[in-house]
Amino acid sequence: MTGIIDYEAGNIRSVENALKRLGADYVLSPDPAVLSECDRLLLPGVGEAGWAMARLRERNLADFIRETGKPLLGICLGMQLLCEWSEEGDVECLGIFRNKVRHFRHALPSGLRLKVPQVGWNDISSLKSKLFDGVQDGAYVYFVHSYFADLGEDTAAVTEYGISFSSALSRGNFMGCQFHPEKSGDAGERIIANFLNLPC
Amino acid sequence: MLTKRIIPCLDIKDGRTVKGVNFLGIKSVGDPVEMAGAYSGQGADELVFLDISAAVEGRKAFSALVERIALEINIPFTVGGGISTVEDASVLLRAGADKVSVNSAAVRNPSLISDIASRFGSQCVVVAIDAKNTDGVWRVTTHGGSQFSDKELFSWAKQAESLGAGEILFTSMNHDGTCSGYACSEYRKLSEMLDIPVIASGGAGSADDIVQVLSSSGGNADAALAASIFHYGQVLIPDLKKRLAEHGIPVRM
Numbered sequence: 000m001t002g003i004i005d006y007e008a009g010n011i012r013s014v015e016n017a018l019k020r021l022g023a024d025y026v027l028s029p030d031p032a033v034l035s036e037c038d039r040l041l042l043p044g045v046g047e048a049g050w051a052m053a054r055l056r057e058r059n060l061a062d063f064i065r066e067t068g069k070p071l072l073g074i075c076l077g078m079q080l081l082c083e084w085s086e087e088g089d090v091e092c093l094g095i096f097r098n099k100v101r102h103f104r105h106a107l108p109s110g111l112r113l114k115v116p117q118v119g120w121n122d123i124s125s126l127k128s129k130l131f132d133g134v135q136d137g138a139y140v141y142f143v144h145s146y147f148a149d150l151g152e153d154t155a156a157v158t159e160y161g162i163s164f165s166s167a168l169s170r171g172n173f174m175g176c177q178f179h180p181e182k183s184g185d186a187g188e189r190i191i192a193n194f195l196n197l198p199c
Numbered sequence: 000m001l002t003k004r005i006i007p008c009l010d011i012k013d014g015r016t017v018k019g020v021n022f023l024g025i026k027s028v029g030d031p032v033e034m035a036g037a038y039s040g041q042g043a044d045e046l047v048f049l050d051i052s053a054a055v056e057g058r059k060a061f062s063a064l065v066e067r068i069a070l071e072i073n074i075p076f077t078v079g080g081g082i083s084t085v086e087d088a089s090v091l092l093r094a095g096a097d098k099v100s101v102n103s104a105a106v107r108n109p110s111l112i113s114d115i116a117s118r119f120g121s122q123c124v125v126v127a128i129d130a131k132n133t134d135g136v137w138r139v140t141t142h143g144g145s146q147f148s149d150k151e152l153f154s155w156a157k158q159a160e161s162l163g164a165g166e167i168l169f170t171s172m173n174h175d176g177t178c179s180g181y182a183c184s185e186y187r188k189l190s191e192m193l194d195i196p197v198i199a200s201g202g203a204g205s206a207d208d209i210v211q212v213l214s215s216s217g218g219n220a221d222a223a224l225a226a227s228i229f230h231y232g233q234v235l236i237p238d239l240k241k242r243l244a245e246h247g248i249p250v251r252m
């Protein structure tokens with residue numbers, strides 16, 4: 000059973016649909032007691048980091064997530080929340096990955112004009128996680144984001160948008176994707192299936 | 000590298016596609032979900048579904064259809080047609096659409112853009128602009144090009160961006176349906192003045208037209224939308240992407 004951590008962040012529907020396509024059983028819950036019964040956990044999210052951290056803390060989900068030993072995959076904002084800090088709302092996040100999250104505008108080399116948010120399909124390379132078994136280096140996945148995690152020892156995939164950033168992160172039982180695997184065609188479906196097949 | 004997007008657009012009436020297709024090997028030509036799956040399999044990067052139903056029943060069928068699409072299709076899709084309130088947008092986003100496009104209602108009531116953006120995020124608001132060049136001025140039209148508004152294309156696009164639009168989808172009513180190419184210089188100008196992606200629509204007659212509108216020396220649009228050239232099989236998406244790559248335009252293969 001996969002537990003989707005429900006903290007009122009948007010876009011949970013598309014993650015649910017992806018699990019349905021793969022025939023996976025799941026439960027959507029904000030309750031640590033229910034989630035602790037699951038084999039693996041998904042932390043989805045579209046929204047603002049400061050707001051999202053406040054929701055996680057008020058539901059006692061922040062400590063629950065930090066302490067879980069089960070495979071946990073954060074998607075998009077969910078991945079950013081697993082980092083140390085986010086410039087969005089200047090908020091301390093869960094601190095599992097040693098990365099910091101910054102806005103593209105404040106990080107791109109001066110004079111380089113790129114559209115922000117990054118919207119669309121970009122490639123992932125230097126793949127270092129079981130999530131990417133059977134996924135080609137250079138595969139294209141779908142991104143929608145204005146904030147990004149910098150590179151570091153937890154970087155599990157690298158993407159370039161003006162600068163190189165972490166498009167996936169991994170540390171122990173924790174994983175995160177900046178892109179939306181649930182909207183990334185066959186490559187994305189493979190990544191979710193790999194997550195569902197990880198030993199608990 | 001971020002790629003340029005190819006977006007087939009399907010017109011939906013009462014939950015069914017309006018124009019038939021004759022090349023995808025589809026059994027039920029009117030089933031949008033099957034068409035969407037075929038386009039996704041061919042390498043479409045995104046899909047747009049426009050509801051052209053007039054009656055309430057048709058609109059209900061559309062939101063039911065959106066739920067089916069969301070369940071079966073694993074690439075992003077936008078829905079539009081007749082969205083005039085935050086509640087209209089909410090129904091479709093909750094049904095599983097990734098983005099909504101607003102058009103006439105936003106011209107009439109620009110705060111619709113900020114209302115949807117503040118509730119669901121800018122990333123899901125596409126502002127569609129239909130404009131027609133008369134005497135050298137690009138005037139914004141509504142209701143499928145049948146009525147002129149008091150707005151001008153470039154200032155309206157800029158205003159839409161500042162209200163929270165995530166993308167601009169501009170259709171030139173002078174080019175739409177002509178199959179003679181896109182309004183490249185206008186896309187170029189929009190792309191230069193806006194910090195959000197620009198989607199080109201209206202006028203595609205060949206793969207070369209799409210090369211032109213996406214190339215950095217041409218329209219420099221971020222995405223190209225087309226309907227009939229894809230539906231009638233004049234341009235196949237795998238061939239188109241190969242062609243774009245040959246011209247140095249980044250595409251997802």
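Chains as they are written, first to last, in numbering that gives the first Met the number 0: chain A, 0 to 199; chain B, 0 to 252. Ideal Cβ placement from N, Cα and C applies to all residues, glycine included.
(message) For D5/A and P29/A, what's the separation of their Cα atoms in angstroms?
(response) 5 Å
(request) Note down, in chain order, every chain A residue with its Cβ under 9 Å from the Cβ of D87/B. (result) None at all; the shortest Cβ gap to chain A is about 17 Å.
(message) Quick check: V45/A and L71/A, are their CB atoms within less than 8 Å of each other?
(response) no
(message) Pairs of beta-carbons, one from the segment 1-19 of chain B and one from the segment 103-112 of chain B, closer than 8 Å: are there three or more?
(response) no
(request) Compute every distance between the C-beta of D185/A and the non-hydrogen atoms of the ligand SAH, then say whether any falls below 7 Å. (result) In terms of ligand content, the structure shown is empty, and the ligand SAH therefore cannot be addressed.
(message) Can you tell me whether S39/B is buried or exposed? The criterion is at least 16 other CB atoms within 10 Å of its CB, across all chains shown.
(response) buried
(message) For I198/B, count the other beta carbons within 10 Å of its own beta carbon; 16 or more makes it buried, fewer makes it exposed. Which is it?
(response) buried
(request) Count the other CB atoms, across all protein chains shown, that sit within 10 Å of the CB of N16/A; report buried if there are 16 or more and exposed otherwise. (result) buried
(request) Taking 8 Å as the cut-off, decide whether the C-beta atoms of H174/B and A164/B are in contact. (result) no
(request) For W120/A, go through chain B and note every residue whose CB falls closer than 8 Å to its CB, in chain order. (result) L1, T2, R4, D44, R251
(message) Given this structure, state the Cα-to-Cα distance separating D122/A from R118/B, to the nearest angstrom.
(response) 30 Å
(message) Please tell me whether A96/B and A60/B are closer than 8 Å, where the distance is taken between their beta carbons.
(response) no
(request) For N193/A, decide whether its Cβ has a neighbour in chain B, counting only Cβ atoms nearer than 8 Å. (result) no
(request) Note the first and the last residue of the continuous alpha helix (DSSP H) segment covering N16/A. (result) 11-20
(request) Quick one: which residues of the segment 99-131 of chain B get their C-beta closer than 9 Å to a C-beta of chain A? List them in chain order. (result) F119, G120, S121, Q122, C123
(message) Does chain B have any CB closer than 8 Å to the CB of G187/A?
(response) yes
(request) Output, in chain order, the set of chain B residues within a Cβ distance shorter than 8 Å of Y6/A. (result) Ordered by position in chain B, no residue passes the 8 Å Cβ test against Y6/A, which lies about 16 Å from the chain.
(message) Can you find the residues in the same chain that come closer than 7 Å, C-beta to C-beta, to P109/B, ignoring five residues on each side of it along the sequence?
(response) Q158, L162
(message) In the DSSP output, what is K12/B paired with across the bridge?
(response) R15/B
(message) Taking CB distances under 8 Å as the criterion, tell me whether N173/B reaches chain A.
(response) no
(message) Is it the case that the segment 70-78 of chain B contacts the segment 179-187 of chain A, given that we only count it when at least three CB pairs across the two stretches are under 8 Å?
(response) yes
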